[in-house]
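K.L.:
Heads up, the sequence shown is in the working numbering, so the first residue is 917 and it goes up one at a time.
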Amino acid sequence: MAVHMTKQKYCIYCSEDKPIDSFSREHIWPDSLGGDYLDSFWQTDSVCRTCNSTAGVFVDAKFIKSFFVASERWNGEYIYIDPNSPSSTSVPLAYIGHPLGGPKIEGEVPELYLGPCGTQILHVRPKYDETWFGYVSGDPRKQSKQKWAGKVYITLNTTNPFWAETTFESARRRFKKSDIFITNGITQTANGKTYAYALDREAVEHSSHTSYIEWMENESLRGESFHFQPEISLNFEIRFLAKLALAVGCQLFDDGFGLSDSGVFLRKCFREANYEKQKSYGLKGTGYLGAKSTDFDKFLAWPGGWKLMVINSAAGLALSVRTPNGKCMTIPITNEKKYTQTLDKSYENGLIWIAIPALKLGIGPIELADYIAHKQGHLVQEALAEAEKYIVDESSFPPCA
Ligand SMILES: [Zn+2]
917 MAVHMTKQKY CIYCSEDKPI DSFSREHIWP DSLGGDYLDS FWQTDSVCRT CNSTAGVFVD
977 AKFIKSFFVA SERWNGEYIY IDPNSPSSTS VPLAYIGHPL GGPKIEGEVP ELYLGPCGTQ
1037 ILHVRPKYDE TWFGYVSGDP RKQSKQKWAG KVYITLNTTN PFWAETTFES ARRRFKKSDI
1097 FITNGITQTA NGKTYAYALD REAVEHSSHT SYIEWMENES LRGESFHFQP EISLNFEIRF
1157 LAKLALAVGC QLFDDGFGLS DSGVFLRKCF REANYEKQKS YGLKGTGYLG AKSTDFDKFL
1217 AWPGGWKLMV INSAAGLALS VRTPNGKCMT IPITNEKKYT QTLDKSYENG LIWIAIPALK
1277 LGIGPIELAD YIAHKQGHLV QEALAEAEKY IVDESSFPPC A
């Protein structure tokens, strides 16, 4: 009897050998934060499909959909709006949280976001299993699979067509499968494109429409501030950073790094869902809330971009992630000499990559010193100068009113 041997391959995330056809391309840095556009260093084929999707939901999405990362994105992307083409740009919406008060309708969860000009956007989504605490919009798997993903009410805070269109476009891209309604104002753009429909109050089919709209109107008419409960999970980034460090280690050396002491340790931290247990493992580094944000930190940040740096110092090899607002999270990759000694000198100076989601652009690798020289205006780096061309002076935007 002939024995057919299926070729096996090592998965760096679960550390198991699996049939070669059960692997898929993993974007180490998430796509929604610009990972698609980074060079091949940030992509690997050594992750099995199961790990790829599990890590995507429980580790990457927990980071991306956290309150803090949602705010980082909101702050960073306005500078890349094209003032001549509002419909070509969408800006991330600022996540505010669950309203305290307002209509309580069985099976529905209202969440408030802010759009351009302080426009209120209420997304009423189906209620999922609420163990997804700390995930903006709830269970990310359900959102992508569900045919109907709720309804969106936009109460425009501007009559300016530029901002109205940018707001429509942003909401449409953010809530792809939801029905979108404008509760006031413009529903068509200057070029006649219809983005959403004004609600015909007489013909409102679902009574829940009226209750949400009346509540939004009453709250804003009274000029009182809405009261909200954001969902904040404080340990949203630890597993994500450990995952990045493990994958980067395997890219720098080879997949065998996954079996080293450092690799095994990082995997243990990345796969541990229980925060208390994970804390007891003694993972070093700086998380989001412990990160400083001095003027120099802001100087080192790239506007609207995520700056990823690998640096090999006397203390060991580390990965740092600098947010668009300048916060810097750091995680050690390894201090095992058998690895760190093999790296070339450029890593001692720090090698950086920048992912700019708003521009669909990835830059790097660039040496840190060259990056700083560019920022100081001493030495122009072409790739950086190219991205800078798209930075818009916010004073050129039309007024909201
Ligand atoms: Zn795996």
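Heads up, the beta-carbon is just placed ideally off N, CA and C, and yes, glycines get one too.
Quick check: the Cα distance between Tyr1255 and Asn1076, rounded to an integer number of angstroms?
P.N.:
Locating residue 1255 in the sequence shown gives position 339, where the first residue counts as 1. Locating residue 1076 in the sequence shown gives position 160, where the first residue counts as 1. The straight-line gap from Cα to Cα measures roughly 57 Å.
K.L.:
Considering only heavy atoms of ligand 1, does any lie closer than 7 Å to the CB of Tyr929?
P.N.:
As a first step, residue 929 is located in the sequence shown; it is residue number 13 there, counting from the start. True, at least one ligand heavy atom lies under 7 Å from that Cβ.
K.L.:
If we count the other Cβ atoms within 10 Å of its Cβ and call it buried at 16 or more, is Ser982 buried or exposed?
P.N.:
One-based indexing of the sequence shown puts residue 982 at position 66. Counting Cβ neighbours within 10 Å, Ser982 comes out buried, since at least 16 surround it.
K.L.:
Does DSSP classify Cys927 as helix, strand or coil?
P.N.:
Along the sequence shown, one-based indexing puts residue 927 at 11. If DSSP states are grouped into helix, strand and coil, Cys927 belongs with coil.
K.L.:
Using a 10 Å radius around the Cβ and a threshold of 16 neighbouring Cβ atoms, would you call Arg1089 buried or exposed?
P.N.:
For the purposes of this step, residue 1089 is identified with residue 173 of the sequence shown, where counting begins at 1. Per the 10 Å Cβ criterion, exposed.
K.L.:
Give a single yes or no on whether Glu993 has its beta carbon closer than 7 Å to a heavy atom of ligand 1.
P.N.:
Within the sequence shown, numbered from 1, the residue matching residue 993 stands at position 77. For ligand 1, not one heavy atom lies less than 7 Å from the Cβ of Glu993.
K.L.:
For Trp1222, report the span of its alpha helix (DSSP H) as first-last.
P.N.:
Here the question's residue 1222 lines up with position 306 in the sequence shown. Counting along the chain, Trp1222 falls outside any alpha helix (DSSP H), though it belongs to the beta strand (DSSP E) covering Trp1222 to Ser1229.
K.L.:
Between the C-alpha atoms of Ser938 and Val1180, what's the straight-line distance to the nearest angstrom?
P.N.:
For this step, residue 938 is matched to residue 22 along the sequence shown. For this step, residue 1180 is matched to residue 264 along the sequence shown. Rounded to the nearest angstrom, the two C-alpha atoms are 22 Å apart.
K.L.:
Cys1244 bridges to which residues according to DSSP?
P.N.:
As a first step, residue 1244 must be located in the sequence shown, where it is residue number 328. DSSP lists Arg1238 as partners of Cys1244.
K.L.:
Compute the Euclidean distance between the alpha carbons of Ile1148 and Phe984, then round it to the nearest angstrom.
P.N.:
On the sequence shown, residue 1148 is found 232 positions in, with the first residue counted as 1. On the sequence shown, residue 984 is found 68 positions in, with the first residue counted as 1. Cα to Cα, Ile1148 sits roughly 8 Å from Phe984.
K.L.:
Rounding to the nearest angstrom, what Cα-Cα distance links Glu1133 and Leu1028 in this structure?
P.N.:
On the sequence shown, position 217 is the one that residue 1133 refers to. On the sequence shown, position 112 is the one that residue 1028 refers to. Spanning the two alpha carbons is a distance of roughly 14 Å.
K.L.:
Using 8 Å as the Cβ pair cut-off and three pairs as the minimum, do the segment 1203-1214 and the segment 1285-1300 touch?
P.N.:
No: the two stretches stay apart, fewer than three of their Cβ pairs being nearer than 8 Å.
K.L.:
DSSP has Phe939 in a bridge; who is on the other side?
P.N.:
Along the sequence shown, one-based indexing puts residue 939 at 23. In the DSSP output, where bridge partners are listed per residue, Phe939 has Cys964.
K.L.:
Check whether the Cβ of Glu932 lies closer than 7 Å to any heavy atom of ligand 1, and answer yes or no.
P.N.:
As a working note, residue 932 is residue 16 in the sequence shown. Yes, ligand 1 has a heavy atom inside 7 Å of this Cβ.
K.L.:
Kindly indicate which three-state DSSP category Tyr1069 falls into: helix, strand or coil?
P.N.:
On the sequence shown, residue 1069 is found 153 positions in, with the first residue counted as 1. Strand.
K.L.:
Is Ala1303 near Leu1259, with beta carbons less than 8 Å apart?
P.N.:
In the sequence shown, residue 1303 corresponds to position 387, counting from 1. In the sequence shown, residue 1259 corresponds to position 343, counting from 1. No, the pair does not count as a contact, with Cβ atoms beyond the cut-off.
K.L.:
Looking only at DSSP bridge pairs, what is Ala1271 linked to?
P.N.:
Counting from one through the sequence shown, the residue named residue 1271 turns up at place 355. Paired residues: Trp1222 and Gly1278.
K.L.:
Looking at C-alpha atoms only, which residue of Tyr1204, Trp1131, Thr1202 and Leu1182 is the closest neighbour of Gln1194?
P.N.:
Residue mapping note: residue 1194 aligns to position 278 of the sequence shown, counting from 1. When only C-alpha atoms are compared, the closest one is Leu1182.
K.L.:
Hey, quick one: how far does the alpha helix (DSSP H) through Leu1028 stretch, first residue to last?
P.N.:
Here residue 1028 corresponds to residue number 112 of the sequence shown, with the count starting at 1. Counting along the chain, Leu1028 falls outside any alpha helix (DSSP H), though it belongs to the beta strand (DSSP E) covering Glu1024 to Leu1030.
K.L.:
Using a Cβ-based criterion (distance less than 7 Å to any ligand heavy atom), does Cys964 qualify as near ligand 1?
P.N.:
Taking the sequence shown and counting its residues from 1, the one referred to as residue 964 is at position 48. Yes.
K.L.:
Could you have a look at Gly1232 and say whether DSSP puts it in helix, strand or coil?
P.N.:
Here residue 1232 refers to the residue found at position 316 of the sequence shown. Gly1232 falls in the strand class under three-state DSSP.
K.L.:
Can you list, in chain order, the residues of its chain with a C-beta nearer than 8 Å to that of Pro1219? Leave out the 5 residues immediately preceding and following it.
P.N.:
The residue you call residue 1219 lines up with position 303 of the sequence shown. Correct list, in chain order: Gly992, Ile995, Pro1240 and Ile1307.
K.L.:
Around the C-beta of Val975, are 16 or more other C-beta atoms found within 10 angstroms, so that it is buried, or is it exposed?
P.N.:
Position 59 of the sequence shown, counting from 1, holds the residue named residue 975. So Val975 ends up on the buried side.
K.L.:
What number of angstroms, rounded off, separates the C-alpha of Ala1087 from the C-alpha of Ala1230?
P.N.:
What you label residue 1087 is simply residue 171 of the sequence shown in a count that begins at 1. What you label residue 1230 is simply residue 314 of the sequence shown in a count that begins at 1. Approximately 48 Å, taken between the alpha carbons.
K.L.:
Going by other Cβ atoms of all chains shown within 10 Å of its Cβ, with 16 needed for buried, is Ile936 buried or exposed?
P.N.:
As a working note, residue 936 is residue 20 in the sequence shown. That one is exposed.
K.L.:
Would you grab the beta carbon distance between Gly1280 and Asp961 for me? Rounded to a whole angstrom, and I think it's under 8 Å.
P.N.:
On the sequence shown, position 364 is the one that residue 1280 refers to. On the sequence shown, position 45 is the one that residue 961 refers to. No, Gly1280 and Asp961 are not in contact; Cβ-Cβ is about 21 Å, not under 8 Å.
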